[in-house]
Amino acid sequence: MPDTWTTRPETAADAEAVREIHLAAFATPLEADLVDALRADPARIEGLSLVSTGADGVPVGHALLIRCHIGDVPALCLGPVAVRPEHQRTGAGSAAVRAALRAAGALGERHVVVLGHPAYYPRFGFTRASAHGIRLTIDVPDDAVMALALDAGSPLPAGTVRYAAPFGI
Numbered sequence: 001m002p003d004t005w006t007t008r009p010e011t012a013a014d015a016e017a018v019r020e021i022h023l024a025a026f027a028t029p030l031e032a033d034l035v036d037a038l039r040a041d042p043a044r045i046e047g048l049s050l051v052s053t054g055a056d057g058v059p060v061g062h063a064l065l066i067r068c069h070i071g072d073v074p075a076l077c078l079g080p081v082a083v084r085p086e087h088q089r090t091g092a093g094s095a096a097v098r099a100a101l102r103a104a105g106a107l108g109e110r111h112v113v114v115l116g117h118p119a120y121y122p123r124f125g126f127t128r129a130s131a132h133g134i135r136l137t138i139d140v141p142d143d144a145v146m147a148l149a150l151d152a153g154s155p156l157p158a159g160t161v162r163y164a165a166p167f168g169i
């Protein structure tokens, strides 16, 4: 397993490999189907779907940021994030997430929310969203909803997260 991973924006040629990553990483095809739907959604932002690859250039990890809103403030939603099982715990997922967050910052994006594992996402700077007055319309564990300000000069806004339509929430 590589000590470092190469990251790059997903290309059209990567679509099937990205789908295979999500199918391998999750017990059902829901996340793979969601990524396919988000790829075609108007909330998609070019350059914010990132893959991590080994020396052979084959994608093994994927992180996606898509437009959402916190109240009326534009933000990004991180997810789905996935890594092929044989490459999990090697840094491939972290590399893709960090690359996606850097790309978002470079585009001038300011806020990111994630619904995910509370032990994983704090390593990227995410904190409990409810501490900032951010909430969802669905009932989930409070510590699973996290938020991150990409720009220290732009504090997180309070409000209810409005996701892209394919999320169904």
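Quick note on numbering: the sequence shown equals residues 1 to 169 in my numbering.
Beta carbons are placed, not taken as given, at the ideal position from N, Cα and C, and that holds for glycine.
Proximity to residue i [Cα-Cα], best of the options
i, options, result
"I134", "A96, A147, A99, G93", "A147"
"V81", "A99, A75, I70, D72", "A99"
"G79", "H111, G105, L34", "L34"
"E86", "A131, Y120, H22", "H22"
"L48", "L107, D142, F167, S154", "L107"
"A96", "D72, G54, G71, G168", "G54"
"T6", "R19, G57, H132", "G57"
"A129", "R123, A104, G159, A24", "G159"
"P118", "D151, E16, D14, P141", "P141"
"Q88", "A24, T11, R8", "A24"
"A15", "A40, F26, A103", "A40"
"R44", "R19, A17, E10, F26", "E10"
"T4", "F126, S94, D72", "S94"
In DSSP terms, what residue i is bridged to
i, result
"G159", "I134"
"I184", "This structure gives no information on residue 184, because the portion of the chain shown stretches from 1 to 169."
"R128", "M146"
"H87", "H87 is not bridged to any residue."
"V81", "A63"
"A115", "Before going on, a small fix: residue 115 reads as Leu here, not Ala. Answer by DSSP bridge pairing, in chain order: V145."
Cβ-Cβ separation, residue j to residue i (assumed contact under 8 Å), whole Å
i, j, result
"A164", "L156", "No, A164 and L156 are not in contact; Cβ-Cβ is about 19 Å, not under 8 Å."
"F136", "V161", "The question names Phe, but residue 136 in the sequence shown is Leu. With a Cβ gap of about 5 Å, L136 and V161 count as contacting."
"H111", "I169", "With 8 Å as the limit, H111 and I169 do not qualify as a contact, their Cβ atoms being about 18 Å apart."
"L76", "E46", "The Cβ separation is near 13 Å, so there is no contact."
"G116", "A92", "Contact doesn't hold; Cβ gap of about 16 Å is too wide."
"R84", "V60", "5 Å"
"L38", "P122", "With 8 Å as the limit, L38 and P122 do not qualify as a contact, their Cβ atoms being about 24 Å apart."
Every unbroken beta strand (DSSP E) inside the region 4-52 [3 residues or more]: 6-9
Are at least three pairs of beta-carbons, each pair with one atom in the region 63-70 and one in the region 23-32, less than 8 Å apart? no
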